[in-house]
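A.B. asks:
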Ligand code: DAK
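Residue numbers (the working numbering): 1 to 261.
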């Protein structure tokens, strides 16, 4: 792969969009490689994925404007679908995905971050959906995910004005969960990944599915989804072990890692 770095670090992995000269802008090849990297994640071992950008300046500065500049209507739709498909895969990826936003997250970069479960950023991060200034709409889910994350009113303001916002404002409106000095961002994401990875993996996956599927459903349907995923945990060894450990009065016993089964 030319533009994606992937490193497994025990129970979590770090995927880096590595096209620093173009501030990690997403061209078709980057999107294809992102999909291929997801295919390669060993889900028997990896319990949390971190996505970040190469360098100190940019997470992803958007879809590649050079490549998009010559697209026809049909090619534009195909490009949009390519991005949407891979971002939807991230959103529905079985394990939690953390975006460590280390700089510009504009257009497709903001959309990539929003397809992740959790976003944290460096203090130099900048977010925005500048598409209307280029004569297009956000095309990788920005109109939908931004409205769900920060509310329709704030999403409309950001999208219609194409105004970029800084890290502190992104945190205030709920677009990111936390802001870190840039050298502390990846360690913070890794610490979070470790704390996710130590919990029962099937329970964590079921929580992701319950939250995501529930958000697309009525409350009645959502609670049924939750019940089924809760019930499913009782077929796991991890549930039996986790509860037996709690009930065991021998507090000298050391808790074993969960086994993912
Ligand atoms: N695409 C291509 N190249 C980019 C790029 C981008 N989005 N962003 C930056 N670069 C390149 C620059 O062209 C420059 O390349 P060279 O000139 O060195 O060859 C290099 O990265 C460094 O950038 P700058 O020299 O501009 O660096 P500065 O620090 O001065 O400025 C900046 C940083 C992030 C403020 C600036 O680069 C910038 O404004 N970049 C564009 C940000 C942007 O507008 N992003 C949104 C792109 S639109 C859809 C599908 C998808 C989408 C929409 C619709 N459908 C199918 C419906 C998605 C749209 C977008 O994401």
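Even glycine gets a Cβ: it sits at the ideal position worked out from N, Cα and C. Computed from a prediction, not measured in an experiment: that's the story for all the values here.
#1: If we call anything under 7 Å between Cβ atoms a contact, is residue 102 one with residue 70?
#2: Please confirm whether residue 111 and residue 142 have their CB atoms less than 7 Å apart.
#3: Could you tell me whether the Cβ atoms of residue 15 and residue 100 are closer together than 7 Å?
#4: Just checking, does the stretch 159 to 170 make contact with the stretch 191 to 199 on the three C-beta pairs under 8 Å criterion?
#5: Can you have a look at residue 231 and say buried or exposed, based on whether 16 or more other CB atoms are within 10 angstroms of its CB?
#6: What does the alpha-carbon distance come out to for the pair residue 30 and residue 106?
#7: On the premise that residue 165 lies in contact with residue 127, defined as a C-beta separation below 8 Å, what is that separation, rounded to the nearest angstrom?
#8: Tell me residue 127's beta-bridge partners as DSSP assigns them.
#9: Whole angstroms are fine: how far does the CA of residue 119 sit from the CA of residue 145?
#10: Any idea what DSSP makes of residue 40, helix, strand or coil?
#11: Please name the residue, chosen from 183, 260, 207, 6, that lies closest to residue 237 on a Cα-to-Cα basis.
#12: Which of helix, strand or coil does DSSP assign to residue 215?
#13: Just reading off the alpha helix (DSSP H) that residue 13 is part of, what are its end residues?
#14: Taking the alpha carbon of residue 258 as the point to measure from, which residue in 177, 46, 211 has its own alpha carbon closest?
#15: What does residue 69 pair with, by DSSP beta-bridge criteria?
#16: Using the C-alpha atoms, what's the distance from residue 92 back to residue 214?
#17: Can we count residue 247 as close to the ligand DAK, meaning its CB is less than 6 Å from some heavy atom?
#18: Between which two residues does the beta strand (DSSP E) harbouring residue 60 extend?
#19: So residue 34 packs on residue 4, CB below 8 Å; how close in whole Å?
#20: My guess is that residue 63 and residue 23 are in contact by the Cβ rule of under 8 Å, so how many angstroms apart are they, rounded?
C.D. replies: This is what the structure gives:
#1: Looking up residue 102 in the chain shown gives position 102. Looking up residue 70 in the chain shown gives position 70. No, the Cβ-Cβ distance between residue 102 and residue 70 is not below 7 Å.
#2: In the chain shown, the residue the question calls residue 111 occupies position 111. In the chain shown, the residue the question calls residue 142 occupies position 142. Contact: yes.
#3: Position 15 of the chain shown, counted from the start, is the residue given in the question as residue 15. Position 100 of the chain shown, counted from the start, is the residue given in the question as residue 100. Going by C-beta atoms, residue 15 is not nearer than 7 Å to residue 100.
#4: no
#5: Position 231 of the chain shown, counting from 1, holds the residue named residue 231. Classification for residue 231: exposed.
#6: The residue you call residue 30 lines up with position 30 of the chain shown. The residue you call residue 106 lines up with position 106 of the chain shown. One C-alpha to the other measures close to 16 Å.
#7: Within the chain shown, the letter at position 127 stands for residue 127. Within the chain shown, the letter at position 165 stands for residue 165. Confirmed, Cβ separation roughly 5 Å.
#8: On the chain shown, position 127 is the one that residue 127 refers to. Residue 127 pairs with 105, 165.
#9: What you label residue 145 is simply residue 145 of the chain shown in a count that begins at 1. What you label residue 119 is simply residue 119 of the chain shown in a count that begins at 1. The alpha-carbon atoms of residue 145 and residue 119 are separated by roughly 13 Å.
#10: If you number the chain shown from 1, residue 40 lands on position 40. Coil, per DSSP.
#11: Taking the first residue of the chain shown as 1, we reach residue 237 at position 237. Of the listed residues, the one whose Cα sits closest to residue 237 is 260.
#12: Position 215 of the chain shown, counted from the start, is the residue given in the question as residue 215. If DSSP states are grouped into helix, strand and coil, residue 215 belongs with the helices.
#13: Within the chain shown, the letter at position 13 stands for residue 13. Where residue 13 is concerned, there is no enclosing alpha helix (DSSP H), although the beta strand (DSSP E) it sits in stretches over 12 to 17.
#14: As a position in the chain shown, residue 258 is number 258, starting the count at 1. That would be 46, whose Cα lies nearest to the Cα of residue 258.
#15: Working through the chain shown from its first residue, we reach residue 69 at position 69. None; residue 69 has no bridge partner.
#16: The sequence position of residue 214 within the chain shown is 214, counting from 1. The sequence position of residue 92 within the chain shown is 92, counting from 1. Cα to Cα, the separation comes out at about 13 Å.
#17: As a working mapping, residue 247 is identified with position 247 in the chain shown. For the ligand DAK, not one heavy atom lies less than 6 Å from the Cβ of residue 247.
#18: Here residue 60 refers to the residue found at position 60 of the chain shown. Looking at the DSSP string, the run of the beta strand (DSSP E) that includes residue 60 is 58 to 60.
#19: On the chain shown, residue 34 is found 34 positions in, with the first residue counted as 1. On the chain shown, residue 4 is found 4 positions in, with the first residue counted as 1. Indeed they touch by this definition, with Cβ atoms about 6 Å apart.
#20: Taking the first residue of the chain shown as position 1, residue 63 is located at position 63. Taking the first residue of the chain shown as position 1, residue 23 is located at position 23. Actually they are not in contact, since the Cβ atoms of residue 63 and residue 23 sit about 12 Å apart, beyond 8 Å.
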